[in-house]
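Notes follow once the structure below has been shown.
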Amino acid sequence: MAAIPTDRPFYGRDLEDFRRRQGMTVDDACFMCGITKNRWFFMVNTERDLPLRDVPLSIMCRLIDKDPSLSFVPTFTEPTDLLETISASMKITKREFSVMLGNNGTSANRWTVQRKRASPPVHRLSLVIKTMIERQGMNKAVNNLRNVVENEALQRGIPDVFTTGRWTIPKEKAANDDSAGDD
Numbered sequence: 003m004a005a006i007p008t009d010r011p012f013y014g015r016d017l018e019d020f021r022r023r024q025g026m027t028v029d030d031a032c033f034m035c036g037i038t039k040n041r042w043f044f045m046v047n048t049e050r051d052l053p054l055r056d057v058p059l060s061i062m063c064r065l066i067d068k069d070p071s072l073s074f075v076p077t078f079t080e081p082t083d084l085l086e087t088i089s090a091s092m093k094i095t096k097r098e099f100s101v102m103l104g105n106n107g108t109s110a111n112r113w114t115v116q117r118k119r120a121s122p123p124v125h126r127l128s129l130v131i132k133t134m135i136e137r138q139g140m141n142k143a144v145n146n147l148r149n150v151v152e153n154e155a156l157q158r159g160i161p162d163v164f165t166t167g168r169w170t171i172p173k174e175k176a177a178n179d180d181s182a183g184d185d
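Numbered per this note's numbering, the sequence shown spans residues 3 to 185.
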């Protein structure tokens, strides 16, 4: 059932209501609408009580409002759901999982125990990993992921990211690297 009133034009304020009902972030809504954040905020705030000048956007939002399955913004995977999926098939620590998602070793604890939200890039990475698992199978996908993570860490000067659980370069190593070019 459509929530946007059909007895009037689609207004700027309807964009924000539409975004919330669809469960999207502003960034996701801007992507879907094909507009910048500046344009979004102008339509939602300045042109709040005016019919949207962008008629194709109005029509698209009305269609998706009537049938949310038409939305082409993916539903991003929660890291906690991904951890559950991987843990069901193989042994993985929260520390390893955090590192695989490009975070320091304690992040999974914040997501699972403290119920803190992960950042949008972590949600997107979780969706990519979930897709890899579906296409490649669990073992191959996790091995490919580990290889990419280890290589990225090495390229950043972090020798064993899975052991340290940290994506930062140790201060003494950074200081040594900085002084190496002082000759």
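The beta carbon of each residue, even a glycine, is placed where N, CA and C say it ideally should be.
Computed from a predicted structure; not experimentally measured.
Check, Outcome
"Beta-ladder partner(s) of residue 53, from DSSP", "13"
"6 Å Cβ shell around residue 99 - same chain, five flanking residues per side excluded", "85 and 110"
"Start-to-end residues for the alpha helix (DSSP H) that takes in residue 96", "96 to 102"
"Neighbourhood of residue 163 by C-beta, 6 Å cutoff - its chain only, sequence neighbours within 5 removed", "101 and 155"
"Close-in-space but distant-in-sequence residues of the same chain around residue 79 (CB under 8 Å, 5 per side omitted)", "125, 128, 129, 131 and 132"
"Residue range of the alpha helix (DSSP H) that includes residue 43", "39 to 43"
"Counted within 10 angstroms of its Cβ, other Cβ atoms place residue 96 as buried (16 or more) or exposed", "buried"
"Helix, strand or coil at residue 68 according to DSSP, with G and I counted as helix", "helix"
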